[in-house]
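Going letter by letter, the sequence shown gives residues 1 to 232 in the working numbering.
Structure first, commentary second.
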Amino acid sequence: MAALCQKLGNVKSSSKLNRAKDGKRVITCKGLFRDDKEKPFTAIWYETRRNIKKALSFYRELLDKKKTVNKLWQEHENGRNSGLKVHIRAAKVVVRTVGKWVNTSKQIGPISGTKICDHFYWRGELSIVGLHHEFQRGIDYMKLINGKILATSIVDSGRYDNVDEICSDKLVYCGEEQYMDDKMPVRVIRKVNDDGSGDRGCNYKFVYDGLFCVTEYWKEKGKFGKEIYNFY
1 MAALCQKLGN VKSSSKLNRA KDGKRVITCK GLFRDDKEKP FTAIWYETRR
51 NIKKALSFYR ELLDKKKTVN KLWQEHENGR NSGLKVHIRA AKVVVRTVGK
101 WVNTSKQIGP ISGTKICDHF YWRGELSIVG LHHEFQRGID YMKLINGKIL
151 ATSIVDSGRY DNVDEICSDK LVYCGEEQYM DDKMPVRVIR KVNDDGSGDR
201 GCNYKFVYDG LFCVTEYWKE KGKFGKEIYN FY
């Protein structure tokens, strides 16, 4: 299991060990990277943020159009990309087709035009702005020139028991060993309850929680007897 610890400033890690409520070993530490909020916003950042707002507005207007949604539902029922939900199809097919995506290339670290506590109503919106390109997988990744695979972002969707939240700036996440590397920043997006989103047919939203780094990982048996890697 590996541990993800949020980057809160240029502070050295502490080696002091504590125990979580379930007995798992956790490390009290501070991040080795500067928090997003400490980075000065540039003119390019503001321009990108304006483009993000336009893209999200366009996307949400599409979902509000009954005719468009009905067409996507019909294609879903007819088996075309049937594994994708309607809001994801809208992001993948319609928005990409008209060139409304922002930050289209995968990258490690902060994403231009986004900041901590930004919230999104649909999973597809994370892809549109470039925070998390994978529509369904909880871990997004990129392959380097040398063939090494590194995780770029994680979405805690609450679908599986693969996230053990210890506190607001630490979490434990189950994933594959090849995706994780210590000292590398990983974007974390959490799915949280939100009663205010009910008018959109859901009671949740996705919140960008900032950059975390892997400080520890270990292997153990999962619920079904398979070996899993836990990242803290």
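Where a beta carbon is used, it is the ideal one built from N, C-alpha and C, also for glycine.
Anticipated Cβ contact below 8 Å, residue i with residue j, distance rounded
| i | j | result |
| --- | --- | --- |
| Thr234 | Val186 | No answer is possible for residue 234: the residues shown for the chain start at 1 and end at 232. |
| Ile52 | Gly113 | 5 Å |
Sub-7 Å separation of residue i and residue j beta-carbons
| i | j | result |
| --- | --- | --- |
| His87 | Gly124 | yes |
| Ile108 | Ala55 | no |
| Tyr204 | Asn193 | yes |
Exposure label - residue i; buried when at least 16 CB within 10 Å
| i | result |
| --- | --- |
| Asp161 | For Asp161, the predicted structure reports a pLDDT of 45, less than 50, and the residue's modelled location is therefore unreliable. A value from the coordinates is still provided. It is exposed - the Cβ of Asp161 has fewer than 16 other Cβ atoms within 10 Å. |
| Leu126 | buried |
| Ile44 | exposed |
| Phe212 | buried |
| Ile145 | exposed |
| Ile149 | exposed |
| Phe41 | exposed |
| Gly138 | buried |
| Tyr46 | exposed |
| Gly147 | exposed |
| Asp140 | buried |
Closest residue to residue i among the options (Cα-Cα distance)
| i | options | result |
| --- | --- | --- |
| Ile116 | Ile128, Ile189 and Tyr204 | Ile189 |
| Phe120 | Ser157, Gly147 and Asp140 | Ser157 |
| Lys143 | Ser105, Gly99, Lys85 and Arg60 | Ser105 |
| Val98 | Asp118, Tyr59, Glu134 and Ile111 | Tyr59 |
| Trp101 | Lys71, His133, Arg137 and Thr68 | His133 |
| Leu63 | Asp118, Arg49, Ala90 and Gln136 | Ala90 |
| Arg50 | Asn103, Asn70 and Lys85 | Asn103 |
| Gln136 | Lys92, Lys71, Ile111 and Glu61 | Lys92 |
| Ser57 | Pro110, Ile111, Asn70 and Trp122 | Trp122 |
| Thr48 | Asp118, Asp195, Gly147 and Ile111 | Ile111 |
| Lys191 | Asp118, Lys71, Glu61 and Gly147 | Asp118 |
Cross-strand partners of residue i (DSSP beta bridge)
| i | result |
| --- | --- |
| Pro185 | Cys213 |
| His119 | Val207 |
| Asp140 | Ser153 |
| Asn193 | Tyr204 |
CB contact check: residue i to chain B, cutoff 7 Å
| i | result |
| --- | --- |
| Lys191 | Included in the structure is just one protein chain, with no chain B present. |
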